[in-house]
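Trainee: Starting off with a structure, shown below.
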Amino acid sequence: MNIKSLLLGSAAALVAVSGARAADAIIAAEPEPVEYVRVCDAFGTGYFYIPGTETCLRIHGYLRYDVGAGELFAVTSATGDETYFKRARFSFRTSTASETEMGTLRTYTELRFQ
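Start counting the sequence shown at 5; every next residue gets the next number (the working numbering).
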């Protein structure tokens with residue numbers, strides 16, 4: 005009798021706990037608003053607004069890689085087996101623009117590697 009009441013009590017407790025969890029409301033978390041990058045057409049193509057400011061930024065540049073082969077008499081080694089060349093060039097530029105009381109303020113930076 006003691007085991008029977010223990011099993012029935014355990015089953016009743018398990019059902020009560022399961023029912024209590026089912027009664028809880030499911031609260032879905034609201035997604036935070038996303039601030040997308042806005043296009044800035046006031047200063048030309050390629051500019052976008054820096055988030056949280058009214059300053060426009062443009063990132064541009066280029067990468068160049070040259071490979072050549074042939075008889076390069078001025079570049080060959082003492083053994084004469086270097087008959088090719090390779091060269092790389094990289095430029096990274098940023099431009100910013102914003103309106104001030106005195107007019108448009110512009111900045112330019114450029115990094116060159118060769």
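Where a beta carbon is used, it is the ideal one built from N, C-alpha and C, also for glycine.
(1) So, helix, strand or coil for arginine 42, using DSSP?
(2) So which of Tyr40, Tyr69, Leu67, Ala46 has the shortest CA-CA distance to proline 55?
(3) My assumption, with CB atoms under 8 Å, is that arginine 68 sits in contact with alanine 92. Please give the rounded CB distance.
(4) Tell me which same chain residues have a C-beta within less than 6 Å of the C-beta of threonine 98, skipping the five on either side of it?
(5) From the DSSP output, read off the bridge partner residues of tyrosine 66.
(6) Look at the alpha carbon of serine 102 and the alpha carbon of isoleucine 30, and state the distance between them as a whole number of angstroms.
(7) Please name the residue or residues paired with glutamate 103 in a DSSP beta bridge.
(8) Can you pull the DSSP bridge partners for alanine 73?
(9) Would you check if the distance between the CB atom of serine 95 and the CB atom of glycine 48 is smaller than 9 Å?
Mentor: According to the structure data:
(1) coil
(2) Tyr40
(3) 7 Å
(4) Ile63, Thr113
(5) Ser95
(6) 47 Å
(7) Thr108
(8) Tyr88
(9) no
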